[in-house]
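Student: Our numbering applies: residue 29 is where the sequence shown begins, and numbers increase by one. Glycine included, C-beta positions come from ideal geometry on N, C-alpha and C. My questions all concern the structure below.
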Amino acid sequence: MIYLIKTTIVAFAMLFNQDAQAQQNNDCVRGAAEPTLTNKYFSNHKFTLQSDGLSAIETAVLPNGSVLKVYNEGCEYVNITFEFKTRLIPDSIQENYIEAIRFMESIYPYIDVPLDVESGIHLLKHQTEQGTSLSYNQEIPYGIDDFPECVVLNYVEKINDTEQLMSLSFILGPL
Numbered sequence: 029m030i031y032l033i034k035t036t037i038v039a040f041a042m043l044f045n046q047d048a049q050a051q052q053n054n055d056c057v058r059g060a061a062e063p064t065l066t067n068k069y070f071s072n073h074k075f076t077l078q079s080d081g082l083s084a085i086e087t088a089v090l091p092n093g094s095v096l097k098v099y100n101e102g103c104e105y106v107n108i109t110f111e112f113k114t115r116l117i118p119d120s121i122q123e124n125y126i127e128a129i130r131f132m133e134s135i136y137p138y139i140d141v142p143l144d145v146e147s148g149i150h151l152l153k154h155q156t157e158q159g160t161s162l163s164y165n166q167e168i169p170y171g172i173d174d175f176p177e178c179v180v181l182n183y184v185e186k187i188n189d190t191e192q193l194m195s196l197s198f199i200l201g202p203l
């Protein structure tokens with residue numbers, strides 16, 4: 029009898045959770061994430077819609093053999109994060125921003141995103157050329173008031189003696 033009660037409670041909890049998830053999905057301003065990487069440059073990529081029905085992870089093997097991951101998330105915001113390997117740059121935030129800019133300039137023509145990545149790249153380039161003091165996790169705003177956007181160099185993590193992992197986000201919202 030106790031087993032039957034526990035099973036019934038678990039079943040109701042699962043149904044309630046699915047209903048709450050569906051309700052949350054219906055309350056979101058944006059729809060499901062769509063692929064951002066085009067076949068022109070990224071011939072070997074995989075797009076996976078996550079269980080929430082909104083976010084996605086995309087992976088691609090770049091011509092140099094390294095892996096690019098793109099996280100496409102958000103409900104009231106569009107948050108697209110690019111995670112990629114670069115050469116190791118010892119302890120220079122400024123140089124890491126420059127490296128992130130170089131990488132994004134190399135892939136920008138081959139991505140399709142619902143926000144103005146090009147302006148974010150240009151702003152970062154201008155800031156580094158002007159010697160502006162930048163830090164990790166710093167939201168750098170651009171865009172217009174009705175549709176505010178920002179770019180963030182989230183982190184740089186040493187992988188080994190020659191490589192590091194970078195994470196750069198472009199965020200639009202609230203929608």
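Within 10 angstroms of its Cβ, does glutamate 127 collect 16 or more other Cβ (buried), or is it exposed?
Tutor: buried
Student: Hey, how far is the Cα of lysine 186 from the Cα of aspartate 119?
Tutor: 10 Å
Student: If you drop the 5 nearest sequence neighbours on each side, which residues of the same chain put their C-beta closer than 7 Å to that of isoleucine 149?
Tutor: The answer, listed in chain order, is Ile129, Met132, Glu133, Tyr136.
Student: Just grab the DSSP bridge partners of cysteine 178 for me.
Tutor: Pro169, Ile199
Student: Mapping the DSSP letters down to three states, classify glutamine 192 as helix, strand or coil.
Tutor: strand
Student: What whole-angstrom Cβ distance do alanine 88 and leucine 96 have, given they're in contact under 8 Å?
Tutor: 5 Å
Student: Give me, in chain order, the residues of the same chain whose beta-carbon lies closer than 8 Å to that of tyrosine 125; leave out the 5 immediate sequence neighbours on both sides.
Tutor: Same-chain partners within the cutoff: Leu152, Gln155, Thr156, Leu162, Leu181.
Student: Tell me which residues share the same chain as leucine 32 and place their Cβ nearer than 8 Å to its Cβ, disregarding the 5 neighbours each side in the sequence.
Tutor: With a pLDDT of 44 at leucine 32, under the threshold of 50, the predicted position of this residue should be treated as unreliable, though the coordinate-derived value follows. Same-chain partners within the cutoff: there are none.
Student: With 16 other CB atoms within 10 Å as the buried threshold, where does valine 57 fall?
Tutor: exposed
Student: So isoleucine 238 is in the beta strand (DSSP E); what residue range does that whole segment cover?
Tutor: Since the first residue of the chain shown is 29 and the last is 203, residue 238 is not available in this structure.
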